[in-house]
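Q:
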Amino acid sequence: QWEFQIFAKGSRKCADDMWIARYLLERLCEKYGIYVEWHCKPFTGDWNGSGMHCNFSTKFMREVGGKDYFLALMDAFERNKDEHIAAYGPD
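Positions 1102 to 1192 (this note's numbering) are the ones given, in order, by the sequence shown.
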């Protein structure tokens, strides 16, 4: 497995950078005769594959933060988790 980072500011810039990064990775693999498996868990069975994860931060998180803020943020994500799993899959 391999991981790469996208350090864009803003959702549009992040999405654009992700597409460019994927394109560049595909071209590098093409050049060296290897391929990319984009599925987050390409093997069957019970194993702890990393999946695609996304980290993000906001100015408030970096400068103020605080335990109460992060707990409220986690609660907000929790409310929509079933819809996200239905849309994107459990893996």
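Glycine included, each C-beta is placed from N, C-alpha and C at the ideal position.
Please work out which residues of its chain come closer than 8 Å, Cβ to Cβ, to S1223, disregarding the five sequence neighbours upstream and downstream, and give them in chain order.
A: Residue 1223 lies beyond the stretch modelled for the chain, which goes from 1102 to 1192, so this question has no answer here.
Q: Which first and last residues belong to the alpha helix (DSSP H) in which C1130 is found?
A: Here the alpha helix (DSSP H) through C1130 covers S1112 to Y1133.
Q: For A1109, I'd like the list of residues in its chain whose CB is within less than 7 Å of its CB, leaving aside the five on either flank, ordered along the chain.
A: Result list for A1109: C1115 and D1118, in chain order.
Q: Using DSSP with H/G/I as helix, E/B as strand and the rest coil, what is D1176?
A: Of the three classes helix, strand and coil, the one that applies to D1176 here is helix, per DSSP.
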